[in-house]
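Chemist:
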Amino acid sequence: MDSSRRSNVLVCPAYQEFPRNHWYVVAFSHEVKRELLARRVLGEMLVLYRTENGEPVAVADRCPHRGMPLSKGKLVGDAVQCGYHGFQFGKSGACVGIPSQDAIPSKMAVHAYPLVEKWQWIWAWMGDPAKADPALIPDHHALGLGREGYTASTVFCMEIKANYQLLHENLLDTSHITYLHPQQLDASADAANAGEATFQAEYEDGLIRIWRAMPGTRPNPAMARLYRLPQGEPVDRVLMTETYPPNLSVVSNIFREPGRSDGPPKVHVIASMPVTPASPRLTYQFLAVATSYPESRTPQQNEHVWNVFAQDRDALEAIQLGFDELGPDAPEFSVKADQAALRCRQMITDLVQRERIMA
Amino acid sequence: MDSSRRSNVLVCPAYQEFPRNHWYVVAFSHEVKRELLARRVLGEMLVLYRTENGEPVAVADRCPHRGMPLSKGKLVGDAVQCGYHGFQFGKSGACVGIPSQDAIPSKMAVHAYPLVEKWQWIWAWMGDPAKADPALIPDHHALGLGREGYTASTVFCMEIKANYQLLHENLLDTSHITYLHPQQLDASADAANAGEATFQAEYEDGLIRIWRAMPGTRPNPAMARLYRLPQGEPVDRVLMTETYPPNLSVVSNIFREPGRSDGPPKVHVIASMPVTPASPRLTYQFLAVATSYPESRTPQQNEHVWNVFAQDRDALEAIQLGFDELGPDAPEFSVKADQAALRCRQMITDLVQRERIMA
Amino acid sequence: MDSSRRSNVLVCPAYQEFPRNHWYVVAFSHEVKRELLARRVLGEMLVLYRTENGEPVAVADRCPHRGMPLSKGKLVGDAVQCGYHGFQFGKSGACVGIPSQDAIPSKMAVHAYPLVEKWQWIWAWMGDPAKADPALIPDHHALGLGREGYTASTVFCMEIKANYQLLHENLLDTSHITYLHPQQLDASADAANAGEATFQAEYEDGLIRIWRAMPGTRPNPAMARLYRLPQGEPVDRVLMTETYPPNLSVVSNIFREPGRSDGPPKVHVIASMPVTPASPRLTYQFLAVATSYPESRTPQQNEHVWNVFAQDRDALEAIQLGFDELGPDAPEFSVKADQAALRCRQMITDLVQRERIMA
């Protein structure tokens, strides 16, 4: 297609390679136990478990001998024993036992993924192990995780049958809460709402920030319950998304007394969402929430949030089906509000490009 | 493959383009209401609804902004509001509202399909709107729809997971009623039956007509009930198919007193079947029946017809699976009775070819 | 890929052509009756039935007229009548009737597969009919079928969604019984087990034989029950696989009094497993068992064997999924115990190659 005809049209990058030299959340801490957990990440199969000392381990979930998924085997001490012919692999990925012979060929090994367990996440390095630097994991203080004055908890992991970039872009244009989640995350229609709110964006190295100001919003019942606000009383709201491509988006809600834009937030809610591509068309959206008030979350709250996130999931899956049918060149016409989302696409494209050049 | 080896063998055209500059029935009138109805036609997604004045509308079911199906949104007056970011599109397809900004780019629009509502059908023009001429819609008088002395009603729409040409060809060789619908649409085995009846074919511009004469047929219980004939008494039957490629087949049953071949029909039943490709492998078969007797159809009759048509559906789907596996060049050996079906293929091929040349 | 980098690595041949000039078991005798049975073999659809005289027949399951599966029709005497337009085909595959005309074109025919019914198997020749020699069917005496002093019965046919070569290879490395079927086909962990047993292999023309010696094995309850051995008393066991590529594997269990390696077997159990590819990713595993003791098998025994074979099926299907995702070049690292399996691959590759050259 003639690219000059495509001004204001962007190709959906849903089919490009993944940036691999990054940490991705592959599980909550509590999911990884003394049993084998299979999980797909960036198109690869991993098997996760803990050693007898509690150390988390992730190795490739395919026996190099005959291709049997190791996750169908069992733990023998700190090693995984393949359930087909009994080959064993230790936490470094090296084969440590072949029943039918004594000699172990050095090539008989599986890839071991560098892991870091931080707060209640297991982060896995999906690229060149030599480059795995724990300092590249996002600052957890900014996420309110383990931060004084904040109460934080894991909520759930949602599977979305859509490309992960569609999820970042969903979170980078929060005006959608007015239309996709009416009467839920948004105020009632007669109050200031996200769909029509003024917005600003700014860009730092590796970070995209967009925020919408909604002065004098009057929380409806669902919104008031979710954010612990008095229903119907006006409040100044700022809705902010910070995306760290390719693996994390953070949505913050800041509520202040009306007109007190510089004051400390009355309520501050930080939703951290590590975004992990399982494959080009399947995404894990992990969720942890930190709040400036001390009470812990109720099951009802979590169920409400699940139902709301499921609306996003359904929308993204419908959009993905369209791309699957029309192909990655399916046209999209962007408007001003898409600036941040497009910047996110560009940053991910650059990350992939840089890895290609350096490979 | 050497084409000289393929005499009497025709390639199934199930995988060619569709003729697009035609009216196709996309819904019964009663299906289109003040709510959004998604329907796939010629590989495209349409969303159908009525304006506040009752006018039917069909626009492309994909928001040009971020690819969300518009059918997942809602009606706001005469416009569709996208359920993701709230963009609105009017009945002409033009965008009439973007919540986050005032200016509306002219390219922000969806295709609007020309529609004609006639009798109880919604016909959509799937090609170049400039060529949409309502005069090209088949003559409804010939179909017995709205014709004096005939009682007509819609029956159902059947979805068939097979190419639409297989359905036209099924209807153009009605000898199959003896084998696929034994004791149902055909007389008993000891009477004159369609499978062995003499047949004739004639061709007009845009029309294929084939008919089988079955003199002295004795209706069995099922056939007598369906066509309101005395069971077991001989009757001269003519079974006729008229196909207007690519979008309509009409099957008529004409029963006369024995030996009164020129007299007026005792019973005349016209089954009009608009045939609409949803995709190369999915077809909608709409059905309306007009009869020369005044009583309206019973639910039992309609259920019986559904069960019979489902036998055709099952056969066509089994044949389609074979083509899917063997590819479009899977051989077919034709006999004399296939003449009309092959003519239909040729006419559709010509229609597609002509559109290509003119494009 | 540079083949020099692939020492000790073999490409899975799961995607190559099938050797076609061979007899394959397509059904048990009792499955073929006076009704139509559809079965897929080597990627082709067959329809099986018996003539009025009881002779088994297999013809291609696709009407050459319009592609309808003949198995959806019915038997009329010794012919199959297509359920669409009533064309009839005799046991030789020739068309013997077209309702709408008297003349029958000679090309209107379906392929008839040479069949041999032997013991309780129906063997079909899937290649050039001119080469179909019944002498090529494996010697049933060696299988204990119809052999004096042995009791034989059919057990079941298991469908496995994996390439047939994976099944032969599974049976050619029986060390897997220790890990995939613990406490079932193997002795208890403290006794000599197959996983660590010494093994030997030998190769004849068209035959691969591998056996493992397990002296002093103490049968656990499940193993004792299955092989009619006193539980916990030591016994010398030999576990032998004989594979006749591409269509048969035979697993024999021979139990002797401890130290009496040359004596007659105390118990001899022969499991004959015709292996028939339905398609590259679907395999039929037929099973018949002959035993040196006279009692017939109980339903409990057969259910136990089904459950054990289902563990193999699940493993092979998991491995196949990996190949489907990674492609046929997915690496495998072989060890000494894989020698026989690799020989089997090579023999099948040679069979296919030879057919290509001779075609």
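Residue numbers (this note's numbering), protein chains in the order written: chain A, 1 to 359; chain B, 360 to 718; chain C, 719 to 1077. We put the beta carbon where it would ideally sit given N, CA and C, even for glycine. Since the model is a prediction, treat every value here as computed from it, not as a measurement.
1) Would you mind reading off the limits of the beta strand (DSSP E) that contains cysteine 441 of chain B?
2) Report yes or no: is there a C-beta of chain A within less than 8 angstroms of the C-beta of aspartate 891 of chain C?
3) Between proline 1049 of chain C and chain A, is the shortest Cβ-Cβ distance under 8 angstroms, so that the two count as touching?
4) Of all the options C:Ser871, C:Asp891, C:Ser824, which has the alpha carbon lying nearest to the alpha carbon of alanine 1055 of chain C?
5) Just to confirm, are glutamine 1029 of chain C and histidine 859 of chain C a CB contact at a threshold of 8 angstroms?
6) Please report how far the alpha carbon of glutamate 951 of chain C lies from the alpha carbon of glycine 86 of chain A, in whole angstroms.
7) Please check if any C-beta of chain B sits within less than 8 angstroms of the C-beta of isoleucine 319 of chain A.
8) Name the chain C residues that come within less than 8 angstroms of alanine 696 of chain B, Cβ to Cβ?
9) Using DSSP with H/G/I as helix, E/B as strand and the rest coil, what is tyrosine 882 of chain C?
10) Using a Cβ cut-off of 8 angstroms, pull out every chain A residue sitting near glutamate 914 of chain C, in sequence order please.
11) I want to see whether chain B comes within less than 8 angstroms of lysine 825 of chain C, judged by CB atoms only; does it?
12) If you draw a straight line from the C-alpha of methionine 158 of chain A to the C-alpha of tryptophan 121 of chain A, how long is it?
13) When you check each C-beta in the segment 174–186 of chain A against every C-beta of chain B, which residues fall closer than 8 angstroms?
14) Given this structure, state the Cα-to-Cα distance separating glutamate 528 of chain B from valine 418 of chain B, to the nearest angstrom.
15) Taking any Cβ of chain A, which residues in the segment 420–433 of chain B have a Cβ under 7 angstroms from it, in chain order?
16) Which runs of the beta strand (DSSP E) fall wholly inside the segment 115–158 of chain A and span at least 3 residues, in chain order?
17) For valine 416 of chain B, which of helix, strand or coil comes out of DSSP?
18) Three or more C-beta pairs closer than 8 angstroms, one from the segment 335–354 of chain A and one from the segment 17–34 of chain A: is that the case here?
19) For cysteine 781 of chain C, which residues from the same chain have a beta carbon less than 7 angstroms from its beta carbon, with the 5 sequence-adjacent residues on both sides left out?
20) Does DSSP put arginine 1015 of chain C in a helix, in a strand, or in coil?
21) Along the segment 300–325 of chain A, where does the CB come closer than 7 angstroms to a CB of chain B? Name the residues.
22) Write down every uninterrupted run of the alpha helix (DSSP H) in the segment 974–1016 of chain C whose length is 4 residues or greater and which is fully enclosed by it, in chain order.
23) Where does alanine 551 of chain B sit, in a helix, a strand or coil, going by DSSP?
24) Specify the secondary structure class of methionine 1076 of chain C as computed by DSSP and reduced to three states.
25) Check each candidate in A:Pro134, A:Glu332, A:Asn163, A:Pro221 and name the one with the smallest Cα separation from proline 280 of chain A.
26) When you compare only the Cα positions, how much space is there between lysine 984 of chain C and valine 953 of chain C?
27) Note down the Cα distance separating asparagine 253 of chain A from glycine 144 of chain A, rounded to an integer number of angstroms.
28) Can the beta-carbon of leucine 755 of chain C be found closer than 8 angstroms to that of tyrosine 742 of chain C?
29) Look at the Cβ atom of leucine 530 of chain B, then the Cβ atom of serine 631 of chain B, and state whether they are nearer than 8 angstroms.
30) Let me confirm a value: glutamine 1003 of chain C is counted as buried when at least 16 other C-beta atoms fall within 10 Å, else exposed. Which label applies?
31) Would you decide whether asparagine 412 of chain B is buried or exposed? Buried here means 16 or more other CB atoms lie within 10 Å of its CB.
32) Rank A:Ile210, A:Val116, A:Gly263, A:Leu287 by C-alpha distance to the C-alpha of phenylalanine 309 of chain A and give the top, closest one.
33) If you count every other CB in all the chains shown that lies within 10 Å of the CB of threonine 198 of chain A, and 16 or more means buried, which is it?
Modeler: With the given structure in hand:
1) Start at 1 with the first residue of the second sequence, and residue 441 of chain B comes out as number 82. Taken as a continuous stretch (DSSP letters only), cysteine 441 of chain B belongs to no beta strand (DSSP E), as it is neither H nor E.
2) What you label residue 891 of chain C is simply residue 173 of the third sequence in a count that begins at 1. Cβ-Cβ to chain A under 8 angstroms: yes for aspartate 891 of chain C.
3) Within the third sequence, numbered from 1, the residue matching residue 1049 of chain C stands at position 331. Output row for proline 1049 of chain C: interface = yes.
4) Locating residue 1055 of chain C in the third sequence gives position 337, where the first residue counts as 1. Looking at the Cα atoms, C:Asp891 is the closest of the given residues.
5) Position 311 of the third sequence holds residue 1029 of chain C. Position 141 of the third sequence holds residue 859 of chain C. Going by C-beta atoms, glutamine 1029 of chain C is not nearer than 8 angstroms to histidine 859 of chain C.
6) Position 233 of the third sequence, counting from 1, holds the residue named residue 951 of chain C. Position 86 of the first sequence, counting from 1, holds the residue named residue 86 of chain A. When rounded, the distance between both Cα atoms is 26 angstroms.
7) By one-based count along the first sequence, residue 319 of chain A stands at place 319. Yes, isoleucine 319 of chain A counts as interfacial toward chain B.
8) Position 337 of the second sequence, counted from the first residue, corresponds to residue 696 of chain B. Per Cβ cutoff of 8 angstroms: His803, Ser818, Gln819.
9) In the third sequence, counting from the first residue as 1, residue 882 of chain C sits at position 164. Looking at tyrosine 882 of chain C - three-state DSSP - the assignment turns out to be helix.
10) If you number the third sequence from 1, residue 914 of chain C lands on position 196. Those within 8 angstroms of glutamate 914 of chain C in chain A are Pro99, Ser100.
11) Translated into the one-based positions of the third sequence, residue 825 of chain C becomes position 107. Yes, contact with chain B.
12) Here the question's residue 158 of chain A lines up with position 158 in the first sequence. Here the question's residue 121 of chain A lines up with position 121 in the first sequence. Each residue's Cα considered, the two are about 15 angstroms apart.
13) Ser175, His176, Thr178, Tyr179, Leu180
14) In the second sequence, the residue the question calls residue 528 of chain B occupies position 169. In the second sequence, the residue the question calls residue 418 of chain B occupies position 59. C-alpha separation (whole angstroms): 31 angstroms.
15) Arg421, Pro423, His424, Arg425, Gly426, Met427, Pro428, Lys431
16) 115–118, 121–125
17) By 1-based counting over the second sequence, the position of residue 416 of chain B is 57. In this structure, valine 416 of chain B counts as strand in the three-state DSSP scheme.
18) yes
19) Here residue 781 of chain C is taken as the residue at index 63 of the third sequence, counted from 1. Same-chain partners within the cutoff: Leu788, Cys800, Tyr802, Phe805.
20) Reading the third sequence from its first residue, position 297 is the one you call residue 1015 of chain C. Coil, per DSSP.
21) Ala315, Ala318, Ile319, Gly322, Phe323
22) none
23) Taking the first residue of the second sequence as position 1, residue 551 of chain B is located at position 192. The answer is coil: DSSP assigns alanine 551 of chain B none of H, G, I, E or B.
24) Translated into the one-based positions of the third sequence, residue 1076 of chain C becomes position 358. DSSP places methionine 1076 of chain C in helix when its eight states are reduced to three.
25) Position 280 of the first sequence, counting from 1, holds the residue named residue 280 of chain A. Selected option, being the one with the closest Cα: A:Asn163.
26) By 1-based counting over the third sequence, the position of residue 984 of chain C is 266. By 1-based counting over the third sequence, the position of residue 953 of chain C is 235. If you take the alpha carbons of lysine 984 of chain C and valine 953 of chain C, they lie about 9 angstroms apart.
27) For this step, residue 253 of chain A is matched to residue 253 along the first sequence. For this step, residue 144 of chain A is matched to residue 144 along the first sequence. The alpha-carbon atoms of asparagine 253 of chain A and glycine 144 of chain A are separated by roughly 13 angstroms.
28) Along the third sequence, read from residue 1 onward, the residue named residue 755 of chain C stands at position 37. Along the third sequence, read from residue 1 onward, the residue named residue 742 of chain C stands at position 24. For leucine 755 of chain C and tyrosine 742 of chain C, no; Cβs fall outside 8 angstroms.
29) The residue given as residue 530 of chain B occupies position 171 in the second sequence. The residue given as residue 631 of chain B occupies position 272 in the second sequence. Taking 8 angstroms as the Cβ cut-off, leucine 530 of chain B and serine 631 of chain B do not qualify as a contacting pair.
30) Here residue 1003 of chain C corresponds to residue number 285 of the third sequence, with the count starting at 1. So glutamine 1003 of chain C ends up on the buried side.
31) For the purposes of this step, residue 412 of chain B is identified with residue 53 of the second sequence, where counting begins at 1. Exposed, by the Cβ-count rule.
32) Against the first sequence, residue 309 of chain A aligns to sequence position 309. Of A:Ile210, A:Val116, A:Gly263, A:Leu287, the residue nearest in Cα terms is A:Leu287.
33) Walking along the first sequence from the start, residue 198 of chain A turns up at place 198. Looking at its Cβ environment, which holds fewer than 16 other Cβ atoms inside 10 Å, threonine 198 of chain A is exposed.
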